[in-house]
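Listed in order, the protein sequences are those of chains A and B. The numbering used here puts the first sequence at residues 1 to 99. The numbering used here puts the second sequence at residues 1001 to 1148. Here a beta-carbon is modelled for each residue, glycine too, at the ideal position from N, C-alpha and C. Encoded as structure tokens, the structure appears first; notes follow it.
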Amino acid sequence: MNVTPAGMIGGLPLASPLSGAPPVSNGGLFSNVVERFVTDANNQQLAADQSVQRLATGQSDSVHETMLALAKADLSLRVFMEVRNKVIDAYQEVMRMQM
Amino acid sequence: MGFDTSLAAFNISASGLTAERLRMEVVANNIANASVTRTPEGGPYRRKDVVFETALNPDGPAQHGATESSGLAGVRTVAIVDDMSELPRRHDPGHPDADADGFVTMPNVNLPVEMVNLITATRAYEANLKAAQSFVDMNQQALTIVRG
């Protein structure tokens, strides 16, 4: 599975620093954080994928290493999903604000 | 970097699982060769044993808040060594490998000992598996913090 990084998030106003606030360094942008999260989770998925492939084609004989790679991929995806859920919750909470 | 750092404990369990599996293979090999009187090196089969050492990786990822890596990297197999204990001799004049006195030198494999080693390796494998599972559980429990 190949997850392409979400490129649209960089355009959201979330990413622009507030006026008056000290300029945010490039590494701290929310879009960068998300991108790193996606890349990391994707790398784990790819590693698990390769591990399964090696096991299926007989290049590897350790079932446990494949299963641990799958567990790693699962956990990193779960972490990412939890963060995403929390961010979307926060966004919806803000959108419900009465003006 | 990234998830690799936080999931490093998996690699420790994986090394333990790999080591115990190798031990199981060695035990199985000992049992399979329990009455082998011919080997490429000559003479009967000698019982094999594994030697493990602790693997340290000081250049590994450092935990959050620590300046340097804990260095914990599980276990590593050093070698598979021969058991040099005395080989038992059995009287069997009809055997093609019998010496002039009619004695055959047999492998120094002791089946009850191998069975105990097999159980030990199985249980150690289970223990390593449990450690990995606990780590998964801990992470999943930590994820529930943000669930409302």
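Where the beta strand (DSSP E) containing residue i begins and where it ends
i: Ile1145 of chain B; result: Careful: Ile1145 of chain B lies outside any beta strand (DSSP E) and carries neither H nor E.
i: Val1051 of chain B; result: 1048 to 1056
i: His1091 of chain B; result: 1089 to 1091
i: Gly1076 of chain B; result: The amino acid at residue 1076 of chain B is misidentified as Gly; the sequence shows Arg. 1072 to 1082 is the extent of the beta strand (DSSP E) around Arg1076 of chain B.
i: Thr1105 of chain B; result: 1103 to 1105
Supposed close pair residue i, residue j - CB separation, criterion 8 Å
i: Met1024 of chain B; j: Ala1142 of chain B; result: Wrong, their Cβ atoms sit about 33 Å apart, outside the cutoff.
i: Ala1014 of chain B; j: Glu65 of chain A; result: 5 Å
i: Glu1114 of chain B; j: Ile1031 of chain B; result: 5 Å
i: Thr1037 of chain B; j: Asp1097 of chain B; result: 4 Å
i: Phe1052 of chain B; j: Val1027 of chain B; result: Contact flag wrong, Cβ pair sits at about 14 Å.
i: Met1106 of chain B; j: Pro1088 of chain B; result: 5 Å
i: Phe37 of chain A; j: Val83 of chain A; result: 7 Å
i: Asp1049 of chain B; j: Val1078 of chain B; result: That pair is no contact at about 11 Å.
Counted within 10 angstroms of its Cβ, other Cβ atoms place residue i as buried (16 or more) or exposed
i: Arg1047 of chain B; result: buried
i: Asn85 of chain A; result: exposed
i: Lys1130 of chain B; result: exposed
i: Ser76 of chain A; result: buried
i: Val94 of chain A; result: exposed
i: Gln1133 of chain B; result: exposed
i: Asp1101 of chain B; result: exposed
i: Glu1020 of chain B; result: buried
i: Gly1016 of chain B; result: buried
i: Gln1099 of chain B; result: The sequence given here has Asp at residue 1099 of chain B, not Gln. Asp1099 of chain B should be labelled exposed.
i: Thr1018 of chain B; result: buried
i: Met8 of chain A; result: Legend: pLDDT at Met8 of chain A = 47, less than 50; position of this residue unreliable, no value from coordinates given.
Partners in chain E for residue i, counting only beta-carbon separations shorter than 8 Å
i: Val1146 of chain B; result: Going by chain labels, chain E is absent from the structure shown, which instead holds the protein chains A and B.
Endpoints, the alpha helix (DSSP H) within which residue i is located
i: Val34 of chain A; result: 30 to 56
i: Val63 of chain A; result: 63 to 95
i: Val1150 of chain B; result: One cannot answer for residue 1150 of chain B here, as it falls past the ends of chain B, which runs 1001 to 1148.
Closer than 8 Å: residue i CB and nearest the ligand FMN heavy atom
i: Thr1039 of chain B; result: With respect to the ligand FMN, the structure shown offers nothing to examine, as it has no ligands at all.
Which residues, taken in chain order from the region 1008 to 1041 of chain B, show a beta carbon closer than 9 Å to some beta carbon of chain A? Flagged, chain order: Phe1010, Asn1011, Ser1013, Ala1014, Leu1017, Thr1018, Arg1021.
Along the region 1083 to 1108 of chain B, where does the CB come closer than 7 Å to a CB of chain A? Name the residues. Cβ contacts with chain A: none found.
Interface positions of the region 54 to 66 of chain A facing chain B (Cβ-Cβ less than 8 Å), listed along the chain: Taking 8 Å as the upper bound on Cβ-Cβ separation, chain B lies near residues Ser62, His64, Glu65 of the region 54 to 66 of chain A.
Select from the region 1120 to 1138 of chain B all residues with a C-beta closer than 7 Å to any C-beta belonging to chain A, and list them in chain order. Those residues of the region 1120 to 1138 of chain B that come within reach of chain A (Cβ to Cβ, closer than 7 Å) are Ala1132, Val1136.
Output needed in chain order: residues of the region 68 to 79 of chain A with a Cβ under 7 Å from some Cβ in chain B. Those would be Leu68, Ala71, Lys72, Leu75, Ser76, Arg78, Val79, in chain order.
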